[in-house]
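In the working numbering, the protein residues as written are 172 to 419. Glycine included, C-beta positions come from ideal geometry on N, C-alpha and C.
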(Lines of atoms letter the chains of each structure in order from A and count residues from 1; the text may use other names and numbers.)
(Lines give C-alpha, C1' and ligand atoms only; values in the text may rest on other atoms or scores of the structure.)
Protein backbone atom coordinates (compact mmCIF):
# COMPACT_ATOMS: atom_id res chain seq x y z
CA UNK A 1 0.00 0.00 0.00
CA UNK A 2 1.15 3.53 -0.81
CA UNK A 3 0.29 6.87 0.82
CA UNK A 4 0.09 10.19 -1.03
CA UNK A 5 0.29 13.25 1.22
CA UNK A 6 -1.04 16.37 -0.49
CA UNK A 7 1.28 19.25 0.38
CA UNK A 8 1.56 21.41 -2.75
CA UNK A 9 -0.66 24.32 -1.68
CA UNK A 10 0.62 27.82 -0.93
CA UNK A 11 -1.70 28.56 2.03
CA UNK A 12 -1.95 32.28 1.28
CA UNK A 13 -4.59 32.74 4.01
CA UNK A 14 -1.87 31.98 6.55
CA UNK A 15 0.62 34.58 5.27
CA UNK A 16 3.14 35.58 6.56
CA UNK A 17 3.53 32.24 8.40
CA UNK A 18 3.58 30.30 5.12
CA UNK A 19 5.72 32.67 3.05
CA UNK A 20 8.86 30.73 3.95
CA UNK A 21 7.44 27.50 5.43
CA UNK A 22 4.86 25.08 3.94
CA UNK A 23 1.68 24.75 5.98
CA UNK A 24 2.10 21.00 6.80
CA UNK A 25 5.45 21.80 8.44
CA UNK A 26 4.03 24.49 10.73
CA UNK A 27 4.16 23.38 14.35
CA UNK A 28 1.06 22.47 16.34
CA UNK A 29 1.82 21.99 20.03
CA UNK A 30 5.52 21.74 19.18
CA UNK A 31 5.26 19.19 16.36
CA UNK A 32 4.92 19.69 12.58
CA UNK A 33 1.30 18.95 11.67
CA UNK A 34 2.36 16.42 8.99
CA UNK A 35 3.84 14.29 11.79
CA UNK A 36 0.43 13.94 13.42
CA UNK A 37 -0.75 12.44 10.13
CA UNK A 38 2.14 9.98 10.05
CA UNK A 39 1.92 9.07 13.74
CA UNK A 40 -1.76 8.22 13.35
CA UNK A 41 -1.16 6.26 10.14
CA UNK A 42 1.58 4.11 11.68
CA UNK A 43 -0.77 1.44 13.15
CA UNK A 44 -2.32 0.77 9.72
CA UNK A 45 0.73 -1.29 8.70
CA UNK A 46 1.65 -2.54 5.25
CA UNK A 47 2.57 0.93 3.98
CA UNK A 48 5.76 0.56 1.97
CA UNK A 49 6.15 4.08 0.56
CA UNK A 50 4.95 7.59 1.35
CA UNK A 51 4.84 10.15 -1.43
CA UNK A 52 4.77 13.78 -0.30
CA UNK A 53 3.68 15.81 -3.32
CA UNK A 54 4.68 19.45 -3.06
CA UNK A 55 5.77 22.38 -5.20
CA UNK A 56 9.06 23.79 -6.47
CA UNK A 57 9.12 26.40 -3.69
CA UNK A 58 8.98 23.91 -0.82
CA UNK A 59 10.37 20.62 -2.16
CA UNK A 60 13.68 21.24 -0.38
CA UNK A 61 11.91 21.93 2.91
CA UNK A 62 10.12 18.58 2.77
CA UNK A 63 13.26 16.70 1.76
CA UNK A 64 15.14 18.09 4.76
CA UNK A 65 12.23 17.32 7.08
CA UNK A 66 11.75 13.74 5.76
CA UNK A 67 15.47 12.96 6.11
CA UNK A 68 15.33 14.10 9.75
CA UNK A 69 12.06 12.24 10.45
CA UNK A 70 13.45 9.01 8.99
CA UNK A 71 16.66 9.33 10.99
CA UNK A 72 15.09 10.20 14.34
CA UNK A 73 11.51 8.91 14.46
CA UNK A 74 10.56 6.17 11.99
CA UNK A 75 12.31 4.34 9.15
CA UNK A 76 9.64 5.15 6.61
CA UNK A 77 10.36 5.24 2.88
CA UNK A 78 9.69 8.75 1.63
CA UNK A 79 9.67 10.13 -1.89
CA UNK A 80 9.32 13.91 -2.18
CA UNK A 81 7.56 14.63 -5.47
CA UNK A 82 7.98 18.15 -6.90
CA UNK A 83 4.99 18.96 -9.10
CA UNK A 84 6.89 21.86 -10.69
CA UNK A 85 4.45 24.60 -9.72
CA UNK A 86 5.70 27.90 -8.36
CA UNK A 87 2.54 29.72 -7.20
CA UNK A 88 -1.26 29.60 -7.33
CA UNK A 89 -1.33 30.61 -10.99
CA UNK A 90 0.28 27.38 -12.24
CA UNK A 91 -0.58 24.86 -9.51
CA UNK A 92 -1.86 21.45 -10.62
CA UNK A 93 -4.66 21.21 -8.05
CA UNK A 94 -5.13 18.39 -5.55
CA UNK A 95 -6.53 15.87 -8.06
CA UNK A 96 -3.92 16.96 -10.58
CA UNK A 97 -1.25 16.23 -7.95
CA UNK A 98 -2.68 12.78 -7.22
CA UNK A 99 -2.62 12.00 -10.95
CA UNK A 100 0.91 13.45 -11.23
CA UNK A 101 2.21 11.11 -8.51
CA UNK A 102 0.44 8.06 -9.97
CA UNK A 103 1.90 8.75 -13.44
CA UNK A 104 5.43 9.90 -12.65
CA UNK A 105 6.06 7.37 -9.88
CA UNK A 106 4.35 4.54 -11.82
CA UNK A 107 2.14 3.65 -8.84
CA UNK A 108 0.24 0.40 -9.35
CA UNK A 109 -1.02 -0.39 -5.86
CA UNK A 110 -3.72 0.48 -3.34
CA UNK A 111 -3.39 4.14 -2.34
CA UNK A 112 -4.36 6.23 0.69
CA UNK A 113 -4.56 9.96 -0.05
CA UNK A 114 -4.52 12.51 2.77
CA UNK A 115 -4.07 16.26 3.04
CA UNK A 116 -0.89 17.16 4.89
CA UNK A 117 -2.67 19.83 6.92
CA UNK A 118 -5.30 17.49 8.39
CA UNK A 119 -4.96 16.95 12.13
CA UNK A 120 -6.31 13.77 13.72
CA UNK A 121 -6.35 13.18 17.45
CA UNK A 122 -6.80 9.40 17.20
CA UNK A 123 -5.01 6.50 15.52
CA UNK A 124 -6.37 5.47 12.12
CA UNK A 125 -5.83 1.71 12.13
CA UNK A 126 -9.61 1.28 11.88
CA UNK A 127 -9.54 3.14 8.57
CA UNK A 128 -6.92 0.73 7.21
CA UNK A 129 -8.87 -2.32 8.38
CA UNK A 130 -12.10 -1.01 6.84
CA UNK A 131 -10.42 -0.26 3.51
CA UNK A 132 -8.80 -3.69 3.29
CA UNK A 133 -12.15 -5.28 4.03
CA UNK A 134 -14.11 -3.29 1.40
CA UNK A 135 -11.52 -3.22 -1.40
CA UNK A 136 -13.50 -0.31 -2.84
CA UNK A 137 -13.00 3.47 -2.67
CA UNK A 138 -13.53 4.90 0.82
CA UNK A 139 -14.09 8.47 1.99
CA UNK A 140 -13.50 9.48 5.62
CA UNK A 141 -16.34 11.40 7.29
CA UNK A 142 -16.47 13.82 10.20
CA UNK A 143 -19.43 15.37 11.99
CA UNK A 144 -18.77 19.12 12.13
CA UNK A 145 -21.78 19.67 14.37
CA UNK A 146 -23.74 22.40 12.59
CA UNK A 147 -25.23 23.02 9.16
CA UNK A 148 -23.63 26.44 8.70
CA UNK A 149 -20.15 24.94 9.02
CA UNK A 150 -21.01 22.29 6.41
CA UNK A 151 -21.37 25.03 3.77
CA UNK A 152 -17.58 25.41 3.81
CA UNK A 153 -17.07 21.72 3.05
CA UNK A 154 -19.48 19.29 1.37
CA UNK A 155 -22.83 17.64 1.96
CA UNK A 156 -23.26 13.88 1.81
CA UNK A 157 -26.05 11.28 1.99
CA UNK A 158 -25.53 7.55 2.55
CA UNK A 159 -27.43 4.32 2.04
CA UNK A 160 -27.90 1.69 4.75
CA UNK A 161 -24.47 0.17 4.08
CA UNK A 162 -22.59 3.48 4.30
CA UNK A 163 -22.18 3.97 0.56
CA UNK A 164 -22.42 7.46 -0.90
CA UNK A 165 -25.78 8.21 -2.48
CA UNK A 166 -25.38 11.97 -2.82
CA UNK A 167 -22.35 14.27 -2.64
CA UNK A 168 -22.17 18.02 -3.23
CA UNK A 169 -19.24 20.40 -2.77
CA UNK A 170 -19.96 23.70 -0.95
CA UNK A 171 -23.72 23.07 -0.55
CA UNK A 172 -26.05 26.04 -0.19
CA UNK A 173 -28.76 24.07 1.66
CA UNK A 174 -27.16 21.14 3.51
CA UNK A 175 -29.36 18.68 5.38
CA UNK A 176 -26.70 16.78 7.36
CA UNK A 177 -23.75 17.79 9.54
CA UNK A 178 -21.61 14.93 8.20
CA UNK A 179 -18.92 15.98 5.75
CA UNK A 180 -16.30 14.16 3.71
CA UNK A 181 -12.74 15.16 4.61
CA UNK A 182 -9.43 14.91 2.77
CA UNK A 183 -8.71 11.28 3.67
CA UNK A 184 -9.40 8.76 0.90
CA UNK A 185 -8.67 5.19 -0.07
CA UNK A 186 -8.39 4.22 -3.71
CA UNK A 187 -7.77 0.51 -4.35
CA UNK A 188 -5.60 -0.42 -7.32
CA UNK A 189 -8.74 -1.37 -9.28
CA UNK A 190 -10.04 2.24 -9.09
CA UNK A 191 -6.90 3.99 -10.38
CA UNK A 192 -8.06 3.88 -14.05
CA UNK A 193 -11.06 5.99 -12.99
CA UNK A 194 -8.69 8.72 -11.75
CA UNK A 195 -6.96 8.66 -15.14
CA UNK A 196 -10.36 8.86 -16.85
CA UNK A 197 -11.37 11.84 -14.68
CA UNK A 198 -8.24 13.72 -15.73
CA UNK A 199 -8.60 12.69 -19.39
CA UNK A 200 -12.07 14.26 -19.43
CA UNK A 201 -10.48 17.62 -18.48
CA UNK A 202 -12.49 17.73 -15.26
CA UNK A 203 -11.73 20.28 -12.50
CA UNK A 204 -8.36 19.15 -11.04
CA UNK A 205 -8.52 21.16 -7.84
CA UNK A 206 -10.67 20.19 -4.82
CA UNK A 207 -10.23 16.44 -4.17
CA UNK A 208 -13.93 16.12 -3.25
CA UNK A 209 -14.78 16.71 -6.91
CA UNK A 210 -13.22 13.36 -7.74
CA UNK A 211 -15.51 11.69 -5.17
CA UNK A 212 -18.52 13.53 -6.62
CA UNK A 213 -17.61 12.26 -10.11
CA UNK A 214 -16.69 8.72 -9.06
CA UNK A 215 -19.47 7.59 -6.71
CA UNK A 216 -22.11 7.17 -9.48
CA UNK A 217 -19.61 5.01 -11.40
CA UNK A 218 -18.49 2.63 -8.65
CA UNK A 219 -19.58 1.83 -5.05
CA UNK A 220 -17.92 4.40 -2.76
CA UNK A 221 -17.96 3.62 0.97
CA UNK A 222 -17.50 5.88 3.99
CA UNK A 223 -15.78 5.61 7.36
CA UNK A 224 -16.33 7.97 10.29
CA UNK A 225 -13.20 9.49 11.85
CA UNK A 226 -12.95 9.05 15.64
CA UNK A 227 -11.94 11.80 18.03
CA UNK A 228 -11.09 15.33 16.90
CA UNK A 229 -10.28 16.46 13.37
CA UNK A 230 -9.01 19.86 12.30
CA UNK A 231 -8.66 21.32 8.84
CA UNK A 232 -6.07 24.06 9.34
CA UNK A 233 -7.30 26.74 6.96
CA UNK A 234 -6.81 29.93 8.94
CA UNK A 235 -4.77 31.48 11.73
CA UNK A 236 -7.78 31.06 14.01
CA UNK A 237 -8.02 27.28 13.46
CA UNK A 238 -4.25 26.99 13.84
CA UNK A 239 -4.40 28.78 17.21
CA UNK A 240 -7.34 26.65 18.33
CA UNK A 241 -5.53 23.44 17.32
CA UNK A 242 -2.46 24.59 19.26
CA UNK A 243 -4.60 25.01 22.40
CA UNK A 244 -6.40 21.67 22.01
CA UNK A 245 -3.37 19.55 21.14
CA UNK A 246 -1.17 21.20 23.78
CA UNK A 247 -3.61 19.89 26.40
CA UNK A 248 -3.27 16.38 25.00
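Judged by DSSP in its simplified three-state form, residue 363 adopts helix. DSSP, reduced to helix, strand and coil, places residue 230 within a helical segment of the structure shown. Listed as beta-bridge partners of residue 252 by DSSP are 224.
Pairing residue 395 with residue 282 gives a Cβ-Cβ distance that is not under 8 Å. The beta carbons of residue 369 and residue 375 sit closer together than 8 Å. Closest option to residue 338, judged by alpha-carbon separation, among 344, 325, 348, 346: 325.
Using a Cβ-Cβ distance cut-off of 8 Å, the stretch 301-310 and the stretch 253-263 are not in contact, since fewer than three pairs of beta carbons, one from each stretch, lie closer than that value. Between the stretch 327-342 and the stretch 376-390 there are three or more inter-stretch CB-CB distances shorter than 8 Å, so the stretches are counted as touching.
With fewer than 16 other CB atoms across the displayed protein chains lying within 10 angstroms of its CB, residue 314 is exposed. When DSSP assignments are scanned along the stretch 287-354, the uninterrupted stretches of beta strand (DSSP E) that are 3 or more residues long and fall wholly within it turn out to be 289-291, 309-314, 325-329, 335-340.
Residue range 400-402 is occupied by the beta strand (DSSP E) that includes residue 401. In the three-state reduction of the DSSP assignment, residue 417 falls in the helix class, which pools H, G and I.
Straight across, the Cα-Cα distance linking residue 306 with residue 389 is about 12 Å. The continuous stretches of beta strand (DSSP E) do not include residue 275, which lies in the alpha helix (DSSP H) extending over residues 265-275.
Excluding residues up to 5 positions away in sequence, 359 lie with their Cβ nearer than 7 Å to the Cβ of residue 279 in the same chain.
For residue 174, the enclosing beta strand (DSSP E) begins and ends at 173-177. Counting along the chain, residue 181 sits inside no alpha helix (DSSP H), nor does DSSP assign it H or E at all. With contacts defined as CB atoms closer than 8 Å, residue 292 and residue 398 qualify as a contacting pair. Of the candidates 231, 212, 245, 319, 319 places its Cα closest to the Cα of residue 349.
In this structure, the beta-carbon distance from residue 355 to residue 284 falls below 8 Å.
Boundaries of the beta strand (DSSP E) harbouring residue 392: 392-395, taken from the DSSP string.
In terms of Cβ geometry, residue 262 and residue 403 do not form a close pair [threshold 8 Å].
Annotation: residue 367 to residue 233 spans about 30 Å, alpha carbon to alpha carbon.
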